[in-house]
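A.B. asks:
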Amino acid sequence: MTPLRWLVVFLTWWAWGALAQPDAPLRRIEVTDTNNFRLDQAAKTMALPDTLDAAEYVRLREYLAPRVRLGEEELDAIQQLADWVSRRWQHDAHGVAPLQFSAVDILQAAERGQRYSCTEYSKVLRDSLVALGFIARVVTLQSTDIEYGPPGTAHVLVEVWSNQLQKWIMVDPQWGLYPRDGTRWLDVLELYRLKKAGKLGRVAMVPVASVQRRPSEAQLRALGEEYRAFVSGYLGYLSVPLRADRERIHLLFPLDGQRWPLTFHGLPRSAQVFTTDPNDIYFEPNRVSLVLTYRAHAQPVGLLGELEIESEQDYIAKLPKFAAVPDFDISMHHNMPWFAAYELAIDDAPWSRLGGESAHWQLHEGINLLRVRAVNAAGWRGPETFIEIRYGR
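Residues in the sequence shown are numbered from 0 upward in steps of one, following numbering that gives the first Met the number 0.
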């Protein structure tokens, strides 16, 4: 047989799990569980600042610091911030902030009695979340007649990425609530799909208000009915801001809508890009991908003559003499905005912060577990990536 043929035999018998010599048992390396998959590169198209230290966000953090006290748990912090924003002013559908206004400008104007629409509620909440290290975006729900319908045929709210839930969640700061199906927090598309399936009535519209100000059960039912009727009228299209290289675009996903609008209330709508793929909108940021590289390994082809391997049976019998040894260099990759560091935990050891983007992992006999996560500049930790490997006979 040629050396190449022997290598094919090696890989085939490795997969089949042939038996080794009794006095030198083969130790196998088997991945028993993992979520270490390819990173979603669409996450890099998010319309986010390059740094949390941009002047606009530093100013906003300084404004929020003495006014808002947030819990350490992610979902608590999101609800508390949404609750605070929802109470800054009374809604006015005709209140429009100047385009150059920052979130702080809007908040300061509200202190003087100015009222604003859903657009300003969402801008302030989104920018506040981003300033504190959350991935958030303002999304627009558009009625099916958005092309030439009157003002009022669109509604603006916020979606924020939850590391804890490992999904996007919808928060409406104008109404001060979020939708939940049982215990599952929903994004806009999930809400729409339940409506399409005739199951919108089972969705709870949960106030972000603190327990002390939580509505009664009767008020909650009335709020749910009112909001379900309200939001149903806007589920024609979903528009999400993204970046294409350095250009800002509006990615439009059809819900009940059947056309591809290029106008908005009869006015020009530039930089409109279309998609029917939910993955273009609901990608997963803050993830880590791990690459395992063996530190050393034998060259099977060169060992054929040295070990007097003349048959497939010889190869399998002598495989324990040159089988792979699980001694790995781990390189790490991420799609986290404002990345600061990686954290790693091996087996039952506590988490430790790494000074770089690589680590060494040498497996012991039995079950081995490696967990890695990314941490951003605000201290929020992304979802864990793990690999569980069994090493042994």
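Heads up, the beta-carbon is just placed ideally off N, CA and C, and yes, glycines get one too.
1) What is the residue span of the alpha helix (DSSP H) that residue 223 lies within?
2) Tell me residue 67's beta-bridge partners as DSSP assigns them.
3) Give the single residue among 283, 140 and 184 whose Cα lies nearest to the Cα of residue 236.
4) DSSP on residue 312, reduced to helix/strand/coil?
5) Once DSSP output is grouped into helix, strand and coil, what is the label at residue 121?
6) Within the same chain, show all residues whose beta-carbon is closer than 8 angstroms to that of residue 132, passing over the 5 residues directly before and after it, in chain order.
7) Run the CB neighbour count on residue 36, radius 10 Å, all protein chains shown included, and call it buried at 16 or more, exposed below.
8) Measure the C-alpha to C-alpha separation of residue 144 and residue 382 and round it to an integer number of angstroms.
9) Counting Cβ pairs closer than 8 angstroms, one from the stretch 180-190 and one from the stretch 200-212, do we hit at least three?
10) Mapping the DSSP letters down to three states, classify residue 376 as helix, strand or coil.
11) Indicate whether residue 226 and residue 173 have their beta-carbon atoms separated by less than 7 angstroms.
12) Inspect the CB distances between the stretch 191-199 and the stretch 152-164 and report whether three or more fall short of 8 angstroms.
13) I'd like the span of the beta strand (DSSP E) that includes residue 342, first residue to last.
14) Per DSSP, residue 139 forms a beta bridge with which residues?
15) When you compare the CB positions of residue 254 and residue 239, do they come within less than 7 angstroms of one another, or not?
16) Do you know offhand how far residue 283's Cα is from residue 39's?
17) Do you know offhand how far residue 165's Cα is from residue 184's?
18) DSSP three-state label for residue 362, please.
19) In the DSSP assignment, what are the bridge partners of residue 351?
20) List the endpoints of the continuous beta strand (DSSP E) containing residue 389.
21) In three-state DSSP terms, what is residue 85?
22) Strictly by DSSP, which residues pair up with residue 331?
23) With DSSP run on the structure shown, which of helix, strand or coil describes residue 22?
24) Within the same chain, show all residues whose beta-carbon is closer than 7 angstroms to that of residue 352, passing over the 5 residues directly before and after it, in chain order.
25) Indicate the three-state DSSP secondary structure (helix, strand or coil) for residue 284 in the structure shown.
26) Beta-carbon separation of residue 404 and residue 82 under 7 angstroms?
27) Assuming the contact rule is C-beta atoms closer than 8 angstroms, residue 274 and residue 146 should be a hit. Round their C-beta distance to whole Å, please.
28) So is residue 190 buried or exposed if we call it buried at 16+ other beta carbons inside 10 Å?
29) Classify residue 98: buried if its beta carbon has 16 or more other beta carbons within 10 angstroms, exposed otherwise.
30) Just to confirm, are residue 167 and residue 281 a CB contact at a threshold of 7 angstroms?
31) Using the C-alpha atoms, what's the distance from residue 364 back to residue 45?
32) For the beta strand (DSSP E) containing residue 250, name the first residue and the last one.
33) Considering only residues of the same chain and omitting the five flanking positions on each side of residue 114, which have a CB-CB separation below 6 angstroms?
34) Applying the 10 Å Cβ sphere with the 16-neighbour rule, what's the burial state of residue 384?
35) Please classify residue 326: is it buried, with 16 or more other beta-carbons within 10 angstroms of its beta-carbon, or exposed?
36) Considering only residues of the same chain and omitting the five flanking positions on each side of residue 317, which have a CB-CB separation below 7 angstroms?
C.D. replies: Quick answer:
1) 216-231
2) The partner list for residue 67 (beta bridge, DSSP) is empty, contrary to what the question assumes.
3) 140
4) helix
5) helix
6) 51, 337, 375, 376, 377, 378 and 379
7) exposed
8) 39 angstroms
9) yes
10) coil
11) no
12) no
13) 338-345
14) 155 and 238
15) no
16) 6 angstroms
17) 11 angstroms
18) coil
19) 343
20) 384-391
21) helix
22) 289
23) Residue confidence for residue 22 is low, a pLDDT of 49 falling below 50, so the modelled location carries little weight and cannot support an answer.
24) 340 and 342
25) coil
26) Lying before the first or after the last residue shown, residue 404 is absent from the chain, which here runs from 0 to 392.
27) Actually they are not in contact, since the Cβ atoms of residue 274 and residue 146 sit about 18 angstroms apart, beyond 8 angstroms.
28) buried
29) exposed
30) yes
31) 43 angstroms
32) 246-253
33) 88, 89, 91 and 94
34) buried
35) exposed
36) 306 and 308
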